[in-house]
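Plus 31 on top of the position in the sequence shown (first one is 1) and you've got the numbering used here. For glycine and all other residues, C-beta sits at the position ideal for the given N, C-alpha and C.
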Amino acid sequence: MARRSLIRAGVSALLVLSPVAVTAAAAEDGGDPDARELAREAERNLRDADSLRLVLTDRTAMRSSDRLASMDLALDRRGDCVGTYRMGSDGGTFEIVKRGDEVWMKADWDYWKNQLPGEGDEAADLVRDRYVHGSTDESAFKEFTGVCDLKRLQKDLTLDATAKDGRTTVDGKDVITLRGEEDGVPTTLYITADRPHVLVKSVQKGDGTDRTVRVLGYGEPVPSDTPAPRDSVDLSDLEKESGQSR
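Now the structure itself:
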């Protein structure tokens, strides 16, 4: 593969590995109407949020270097985001920062090695622990618009539940536990007992699934800091460094 194509390939792989999803329990006939109404109120508040922070843990992916094992992503309705992702096993980590139409992406050596077999060392040597910087106007970064789009997430979101299952605490907050299913997998929603009722955690466990999503930072600004110029390199300049032209 031409050296200029390595980074583009790595960025493309990152986009495939960047889900923005909140697990939701699927609707079923019957069930507890109070549970369903509570879930729908939490859904409305989730849809109305100007910004969110999603923290994903997928325990079934921990031993697989080509699957996303964890994610910590803050995003807002303007399309800005800051996120850290970790692959399972020794698959590496990567970070993304998007502000307006500017995007920065930084991956470690393990990420390049696993996403670009046989050429990861070359890509890592080329980047040298810098953020790769570009614009959503460029083909390599265009899809970051969707990765960081909270409005798209909210549009597709549905929360439902069929039964209440008592109370507990999550991060020091009193919550009501709701249960349901999504695609046949038992799903538990944790919704604050006090108003406004908001979703703070969702857990799917069973049938080969063990995934937790914590929902934080309702309305809190996405961090506005961007990588310093000395710590980043434009994709076009990186390609020039490799001795290749676009």
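Asked, Found
"Cβ-based burial, Leu137 [other Cβ within 10 Å; buried from 16]", "According to the sequence shown, residue 137 is Lys rather than Leu. Flag for Lys137 reads buried."
"Which of helix, strand or coil DSSP assigns to Phe175", "helix"
"Whole-Å CB distance - Ala222 paired with Leu69, under 8 Å assumed", "Reading off the sequence, residue 222 comes out as Ile, not Ala. Correct: roughly 6 Å between the Cβ atoms."
"Beta-carbon proximity list for Leu190, same chain, < 6 Å, skipping 5 on both sides", "Ala55, Ala70, Ala73 and Glu74"
"Which residues DSSP lists as bridging Met118, in chain order", "Leu99"
"Val158, enclosing alpha helix (DSSP H) - first and last residue", "Gly151 to Val158"
"Separation of Leu247 from Asp202, as counted between CA atoms", "10 Å"
"C-alpha distance - Lys236 paired with Arg90, whole-angstrom precision", "10 Å"
"At least three beta-carbon pairs within less than 8 Å, the segment 143-161 to the segment 104-116", "no"
"The beta strand (DSSP E) enclosing Asp141, as first and last residue numbers", "No beta strand (DSSP E) contains Asp141, which is instead part of the alpha helix (DSSP H) from Trp140 to Gln146."
"Met118 vs Leu87 beta-carbon contact at 9 Å", "no"
"Asp132 and Trp140 closer than 9 Å at C-beta", "no"
"Endpoints, alpha helix (DSSP H) assigned at Asp187", "Leu181 to Asp187"
"Local conformation of Pro217 per DSSP, three classes", "strand"
"For Ser82, the three-state DSSP class (helix, strand or coil)", "strand"
"Residues that Ile231 bridges to, as DSSP identifies them", "According to the sequence as given, residue 231 is Val; it is not Ile. Looking at the DSSP assignment, Val231 forms no beta bridge with any residue, so it has no partner."
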